[in-house]
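Asker:
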Amino acid sequence: MKKYLNTLYVSTQGAYLAKEGERVIVRSEGKTLGGWPIHTIGGIVCFGQVSCSPFLMGFCAERDVSISFLTEYGKFLARVEGPVSGNVLLRREQYRRADDKEASAKIARSAMIGKISNSRAALRRAVRDHSDKLDADAVREASQRLTHSLKQLRHEDIAADTLLGVEGSASVAYFSAFDHLILNDKKHFFFENRNRRPPLDNVNCLLSFMYTMVMHDVRSALETVGLDPAVGFYHRDRPGRPGLALDLMEEFRPFLADRLVLTLVNRKQVTAKGFKKSKSGAVRMSDKTRKAVLTAYMERKKDEIIHPFLEEKISVGLLCHMQAHLMARHLRGDLDAYPPFVVR
Amino acid sequence: MYTESDLLPLSGLQHILFCKRQCALIHIEQAWAENLFTAEGRIMHEKVHSESHETRKGVRTEFSVPLRSFRLGLIGVADVVEFEKNSVTPIEYKRGRSKKESWDRVQLCAQAMCLEEMLDTDITEGALFYGKTRRRQNIVFDEALRRETEETARRFHELVGTRQTPPPEYTARCESCSFVDACMPRKIKNRSATAYLKGILSS
Numbered sequence: 001m002k003k004y005l006n007t008l009y010v011s012t013q014g015a016y017l018a019k020e021g022e023r024v025i026v027r028s029e030g031k032t033l034g035g036w037p038i039h040t041i042g043g044i045v046c047f048g049q050v051s052c053s054p055f056l057m058g059f060c061a062e063r064d065v066s067i068s069f070l071t072e073y074g075k076f077l078a079r080v081e082g083p084v085s086g087n088v089l090l091r092r093e094q095y096r097r098a099d100d101k102e103a104s105a106k107i108a109r110s111a112m113i114g115k116i117s118n119s120r121a122a123l124r125r126a127v128r129d130h131s132d133k134l135d136a137d138a139v140r141e142a143s144q145r146l147t148h149s150l151k152q153l154r155h156e157d158i159a160a161d162t163l164l165g166v167e168g169s170a171s172v173a174y175f176s177a178f179d180h181l182i183l184n185d186k187k188h189f190f191f192e193n194r195n196r197r198p199p200l201d202n203v204n205c206l207l208s209f210m211y212t213m214v215m216h217d218v219r220s221a222l223e224t225v226g227l228d229p230a231v232g233f234y235h236r237d238r239p240g241r242p243g244l245a246l247d248l249m250e251e252f253r254p255f256l257a258d259r260l261v262l263t264l265v266n267r268k269q270v271t272a273k274g275f276k277k278s279k280s281g282a283v284r285m286s287d288k289t290r291k292a293v294l295t296a297y298m299e300r301k302k303d304e305i306i307h308p309f310l311e312e313k314i315s316v317g318l319l320c321h322m323q324a325h326l327m328a329r330h331l332r333g334d335l336d337a338y339p340p341f342v343v344r
Numbered sequence: 001m002y003t004e005s006d007l008l009p010l011s012g013l014q015h016i017l018f019c020k021r022q023c024a025l026i027h028i029e030q031a032w033a034e035n036l037f038t039a040e041g042r043i044m045h046e047k048v049h050s051e052s053h054e055t056r057k058g059v060r061t062e063f064s065v066p067l068r069s070f071r072l073g074l075i076g077v078a079d080v081v082e083f084e085k086n087s088v089t090p091i092e093y094k095r096g097r098s099k100k101e102s103w104d105r106v107q108l109c110a111q112a113m114c115l116e117e118m119l120d121t122d123i124t125e126g127a128l129f130y131g132k133t134r135r136r137q138n139i140v141f142d143e144a145l146r147r148e149t150e151e152t153a154r155r156f157h158e159l160v161g162t163r164q165t166p167p168p169e170y171t172a173r174c175e176s177c178s179f180v181d182a183c184m185p186r187k188i189k190n191r192s193a194t195a196y197l198k199g200i201l202s203s
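Those sequence lines, one after another, are chains A and B.
Numbering-wise (my numbering), the first sequence opens with residue 1 and increments by one.
Numbering-wise (my numbering), the second sequence opens with residue 1 and increments by one.
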């Protein structure tokens, strides 16, 4: 089994990353803060004023380690990639399918089944664990609406427009119940609707940040297996938009990002003090909170689960990679459909 | 006869003899996966390839000799070739031990056939050097081995020409294969993702 490798998150302002032999080292103000052998690292994420030597970038490209640059607040800026990996035949097949509306809809349907099933699992789990602390009827009702949405996906040759409609109402149902899942400090942590440009409350701020982190992992996984993250089946082409990465991310949103945000709030691992509201209304996290979120995400990725399709134990951190792989195997014709990851 | 643009890596012969799917993963899908065995092999070859040539007792030894054959349609590099007054001898370094399968012999024979074509000469013998046993095994390029080598090169070209990766077949060999994660032999074979999706929808 492929080994799960850590992501190196660097948020120390003014830090400088360089290559030293087979190691990545982090320096700041003339001091070396730490060093890690490259073979133990799966990716590097730099926040704000963090720079990398060109030799380190080349070294990472050679070893399939992606580097992302984000603002101090977690907004994506750029990434460094080596030469396009994998092969042109796979990407051509990806493009052919993406050009074919019906073929695209088939894959989009799989991704939606994954997303809605995992959204429902999140709701069901909350009812099971905290029925005494939340409005169980409201959450149950939303979960039934998701069951109804899944029913609408029964038809294998579903049209793309129908999918959009189903996703829309499923998303409304899921997010309508989301506020009920927040069990702590409801004065500062509440959810009314999803807003992201910029996030206007603490929960949306956390969600946006987590989606960016998951996105980094999904994009890297797609590139590693040789797929083009920009060309999606559900998310149609739009310049600058990583369509396939967004497709693949759908099934991970509830399981990886949303659930972690809820855990952080409900277990008081983040508190209202860790957020700042700017004059414009945009909400930002403090450094300490961001670190707490990243640490929790890294811990989460170490958890092991049984993959429902592969029926094999793998770490949560490897899920993106596995799913990218299964997508490639489907496009190559080894699998009759794309099997999304679902929570059992 | 092949042309320069048709040439495939000589190393592919071993891959197709080992497993058609592994060969397709490497040469069609351009996947590369390293495990302990391949890493050991790589490090060993880095050592072999560190010098360019030396001459001792009338034997000129060249390292990392570029090879190609338009007849076989192959291009590659020989670890070592010994040039003497009346003979040319390719030598290939292997990390493991001598195997009963013909994989290594076919690779060496293909190297010899490349050299024959490039130098317009006849090569009757070569050698395999095994790292585990530190033994040198002489190989005679007889008719049977040459036929097998030609046949293997032909099958290799045919497979790459189809641009299709054959379905997996799980065997005991899979456990030592560095591509087991990319190939998913047990996980994909006879698995229906359509049935899996149905299962999710009815739960």
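Just so you know, even glycine gets a beta-carbon here, dropped at the ideal spot from N, CA and C.
If you're wondering where the values come from, they're calculated on a predicted model, not measured in any experiment.
1. Beta-carbon within less than 8 Å of valine 283/A's beta-carbon, same chain only, minus the 5 sequence neighbours each way: which residues are those?
2. Out of Pro54/A, Glu20/A, Val65/A and Phe47/A, state which residue places its alpha-carbon closest to the alpha-carbon of alanine 221/A.
3. Which residues of chain B have a Cβ atom closer than 9 Å to the Cβ of serine 110/A, listed in chain order?
4. Would you verify that the beta carbon of valine 65/A is, or is not, closer than 8 Å to some beta carbon of chain B?
5. Work out the CA separation of lysine 313/A and leucine 319/A for me, nearest whole Å.
6. For serine 68/A versus leucine 17/A, is the C-beta distance shorter than 8 Å?
7. Counting only beta-carbon separations shorter than 8 Å, does glycine 187/B have a partner in chain A?
8. Could you say which of Arg68/B, Gly76/B and Ala112/B lies nearest to serine 88/B if we only look at CA atoms?
9. Take glutamate 153/A and list the residues in its own chain whose beta-carbon comes closer than 7 Å to its own, dropping the five residues that flank it on each side.
10. Residues bridged to histidine 307/A by DSSP?
11. Taking Cβ positions, are proline 340/A and glutamate 223/A nearer each other than 8 Å?
12. Would you list the one or two residues that DSSP bridges to glutamate 167/A?
13. Between the region 164 to 175 of chain B and chain A, which residues of the former have CB atoms less than 9 Å from a CB of the latter, in chain order?
14. Buried or exposed: which applies to glutamine 49/A, given that a residue is buried once 16 or more other Cβ atoms fall within 10 Å of its Cβ?
15. Cα-Cα, which of Glu72/A, Ala121/A and Gly317/A is closest to valine 343/A?
16. Under 6 Å Cβ to Cβ from threonine 133/B, same chain only, skipping five residues before and after it: list those, please.
17. Name the DSSP beta bridge partners of lysine 31/A, please?
18. With three or more beta-carbon pairs closer than 8 Å as the criterion, would you say the region 158 to 178 of chain A touches the region 88 to 107 of chain A?
19. Could you check the C-alpha separation between arginine 128/A and leucine 77/A for me, to the nearest Å?
20. Quick one: residues in its chain with C-beta nearer than 6 Å to the C-beta of glutamate 62/B, no 5 flanking neighbours on either side, listed in chain order?
21. Using only the alpha-carbon positions, how far apart do arginine 63/A and histidine 39/A sit?
22. Determine, using beta carbons only, whether glutamine 30/B comes closer than 8 Å to chain A.
23. Taking all protein chains shown into account, do 16 or more other C-beta atoms lie within 10 angstroms of the C-beta of tyrosine 95/A, making it buried, or fewer, making it exposed?
24. Name the residue from Tyr297/A, Ala126/A, Leu326/A and Arg196/A whose alpha carbon lies nearest to the alpha carbon of lysine 187/B.
25. Does the structure place the region 300 to 307 of chain A close enough to the region 149 to 165 of chain B that three or more beta carbon pairs sit under 8 Å?
26. Mind checking leucine 119/B: buried by the 16 CB within 10 Å criterion, or exposed?
27. Mind listing which residues of the region 239 to 268 of chain A have their C-beta closer than 7 Å to chain B's C-betas, in chain order?
28. Please confirm if leucine 89/A has its CB atom under 8 Å from at least one CB of chain B.
29. Which one or two residues does DSSP pair with asparagine 6/A in a beta bridge?
30. From the DSSP output, in three-state form, read off threonine 55/B for me.
Answerer: From the atom records:
1. As a first step, residue 283/A is located in the first sequence; it is residue number 283 there, counting from the start. Once the five neighbours on either side are set aside, the close Cβ partners of valine 283/A are Pro198, Pro199, Leu200, Asp201, Asn202, Asn204, Cys205, Phe275, Lys276 and Lys277.
2. Here residue 221/A refers to the residue found at position 221 of the first sequence. Checking every option, the nearest Cα to that of alanine 221/A belongs to Val65/A.
3. As a first step, residue 110/A is located in the first sequence; it is residue number 110 there, counting from the start. Correct list: Ala193 and Leu197.
4. The residue given as residue 65/A occupies position 65 in the first sequence. Chain B, which has no Cβ nearer than 8 Å to the Cβ of valine 65/A, makes this no.
5. Residue 319/A sits at position 319 when you count from the first residue of the first sequence. Residue 313/A sits at position 313 when you count from the first residue of the first sequence. Straight-line Cα distance between these residues: approximately 11 Å.
6. In the first sequence, the residue the question calls residue 68/A occupies position 68. In the first sequence, the residue the question calls residue 17/A occupies position 17. Their beta carbons are not under 8 Å apart, which means serine 68/A does not touch leucine 17/A by this criterion.
7. Walking along the second sequence from the start, residue 187/B turns up at place 187. Contrary to the premise, residue 187/B reads as lysine rather than glycine in this sequence. Lysine 187/B counts as touching chain A.
8. As a first step, residue 88/B is located in the second sequence; it is residue number 88 there, counting from the start. Strictly speaking, residue 88/B in this sequence is valine, with serine absent from that position. Comparing Cα positions, the closest option is Ala112/B.
9. Mapped onto the first sequence, residue 153/A falls at position 153. Note that residue 153/A is leucine in the sequence shown here, rather than glutamate. Hits under 7 Å: Arg109, Met112, Ile113 and Val166.
10. The residue you call residue 307/A lines up with position 307 of the first sequence. According to DSSP, histidine 307/A bridges with Glu312/A.
11. By 1-based counting over the first sequence, the position of residue 340/A is 340. By 1-based counting over the first sequence, the position of residue 223/A is 223. No.
12. Here residue 167/A is taken as the residue at index 167 of the first sequence, counted from 1. For glutamate 167/A, which the question treats as bridged, DSSP gives no partner whatsoever.
13. Gln164, Thr165, Pro167 and Pro168
14. Within the first sequence, the letter at position 49 stands for residue 49/A. Exposed, since its Cβ has fewer than 16 Cβ neighbours within 10 Å.
15. Sequence index remark: in the first sequence, residue 343/A carries index 343 (1-based). Comparing Cα-Cα distances from valine 343/A to each of Glu72/A, Ala121/A and Gly317/A, the minimum goes to Ala121/A.
16. As a working mapping, residue 133/B is identified with position 133 in the second sequence. Cβ within range, chain order: Arg97.
17. Start at 1 with the first residue of the first sequence, and residue 31/A comes out as number 31. In the DSSP output, where bridge partners are listed per residue, lysine 31/A has Ser28/A.
18. yes
19. Mapped onto the first sequence, residue 128/A falls at position 128. Mapped onto the first sequence, residue 77/A falls at position 77. Roughly 40 Å between the two C-alpha positions.
20. Stepping through the second sequence from its first residue, residue 62/B is reached at position 62. Around glutamate 62/B: His53 and Val81.
21. As a working note, residue 63/A is residue 63 in the first sequence. As a working note, residue 39/A is residue 39 in the first sequence. So the alpha carbons of these two residues sit roughly 8 Å apart.
22. One-based indexing of the second sequence puts residue 30/B at position 30. Cβ-Cβ to chain A under 8 Å: yes for glutamine 30/B.
23. Walking along the first sequence from the start, residue 95/A turns up at place 95. The residue in question, tyrosine 95/A, is exposed, as its Cβ has fewer than 16 Cβ neighbours within 10 Å.
24. As a first step, residue 187/B must be located in the second sequence, where it is residue number 187. Selected option, being the one with the closest Cα: Leu326/A.
25. no
26. Counted from its first residue, the second sequence places residue 119/B at position 119. Its Cβ having fewer than 16 others within 10 Å, leucine 119/B is exposed.
27. none
28. Here residue 89/A refers to the residue found at position 89 of the first sequence. With 8 Å as the cut-off, leucine 89/A counts as an interface residue toward chain B.
29. Within the first sequence, residue 6/A is the residue found at index 6, counting from 1. Bridge partners of asparagine 6/A: Ile41/A.
30. Residue numbering aside, residue 55/B sits at position 55 when the second sequence is read from its first letter. Threonine 55/B: strand per DSSP, three-state reduction.
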